[in-house]
Amino acid sequence: MNSRVRKKLIQVARGRAHLMSFQNLIYEAELGLNLENPHEKSMLAEVIDEISEREYREGRPLLSSLVQVKGQKNQGDSFFRMCERLGYGNWKDLKKNSKFIEEQREACREFWSDKKNFTQYL
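Numbered according to the UniProt record's numbering, the sequence shown spans residues 1 to 122.
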């Protein structure tokens, strides 16, 4: 797991912006990836999925809910497919349900804003 990406997403959850684009995540976590390259784009998606899958197993909210495609309000299909694998429901239904993504984002904000959680799980 890429700890720089995880820590950056935790900072986003605790900060004022509350969301981050994939491009900004690459820049701020100093990943040096190019989203125009399909292989590198896939690598980033794998890293983000891995982080959220581990957070889910540990009983914490999905940090990947805080990353969005630049210029869009919603996540890409890969986020919702990951949620389906984790048992949240059919990915197409989840994508249509605007409450689902907002609930995931709010859960991240609440969890990581708690100083005890931040100290214990960072």
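Think of the CB as a built atom: it goes at the ideal place given N, C-alpha and C, for glycine as much as any other residue.
At the level of alpha carbons, what is the spacing between residue i and residue j?
{"i": "Gln11", "j": "Met82", "result": "22 Å"}
{"i": "Tyr88", "j": "Leu62", "result": "12 Å"}
{"i": "Lys116", "j": "Ala29", "result": "24 Å"}
{"i": "His39", "j": "Arg57", "result": "27 Å"}
{"i": "Lys41", "j": "Lys95", "result": "21 Å"}
{"i": "Asn97", "j": "Ala45", "result": "22 Å"}
{"i": "Tyr27", "j": "Asn90", "result": "32 Å"}
{"i": "Ser78", "j": "Val5", "result": "17 Å"}
{"i": "Met1", "j": "Leu31", "result": "Residue confidence for Met1 is low, a pLDDT of 44 falling below 50, so the modelled location carries little weight; the figure read from the coordinates is stated next. Near 13 Å, if we compare the C-alpha coordinates of Leu31 and Met1."}
{"i": "Gln120", "j": "Arg60", "result": "12 Å"}
{"i": "Glu84", "j": "Leu33", "result": "27 Å"}
{"i": "Asp114", "j": "Cys108", "result": "10 Å"}
{"i": "Ile48", "j": "Leu35", "result": "14 Å"}
Within a Cβ cutoff of 8 Å, which residues of the same chain sit near residue i, ignoring the five residues on either side of it in sequence?
{"i": "Asp93", "result": "none"}
{"i": "Lys8", "result": "Met20, Leu25, Glu28 and Ala29"}
Below 8 Å on the Cβ atoms is my contact criterion, and I expect residue i with residue j to pass it. Report the Cβ-Cβ distance as a whole number of Å.
{"i": "Ile101", "j": "Gln75", "result": "6 Å"}
{"i": "Leu25", "j": "Val67", "result": "6 Å"}
{"i": "Pro53", "j": "Leu86", "result": "The amino acid occupying residue 53 in the given sequence is Glu; Pro does not appear at that position. Sure, about 7 Å apart at Cβ, within 8 Å."}
{"i": "Ser65", "j": "Arg105", "result": "5 Å"}
Skipping 5 residues on each side, what residues in its chain have a beta carbon closer than 6 Å to that of residue i?
{"i": "Lys70", "result": "Ser21 and Gln23"}
Residues in the same chain with beta-carbon distance under 7 Å from residue i, minus the five sequence neighbours each way, listed in chain order, please.
{"i": "Trp112", "result": "Ile10, Ala13, Arg14 and Phe118"}
{"i": "Glu55", "result": "Pro61, Leu62 and Leu63"}
What is the DSSP secondary structure of residue i, reduced to helix, strand or coil?
{"i": "Arg6", "result": "helix"}
Please confirm if residue i has its CB atom under 8 Å from at least one CB of chain C.
{"i": "Glu103", "result": "This model lacks chain C altogether, as it is built from one protein chain only."}
Exercise for review: Tell me the start and end of each unbroken beta strand (DSSP E) in the segment 23 to 67 that is at least 3 residues and wholly inside, in chain order.
Suggested key: Runs of the beta strand (DSSP E) inside the segment 23 to 67: none found.
Check your understanding: Mind pulling the alpha helix (DSSP H) runs of 4 or more residues that sit fully within the segment 70 to 106?
Key -> Restricting attention to alpha helix (DSSP H) runs no shorter than 4 residues, the segment 70 to 106 encloses them at 77 to 85 and 91 to 96, ordered along the chain.
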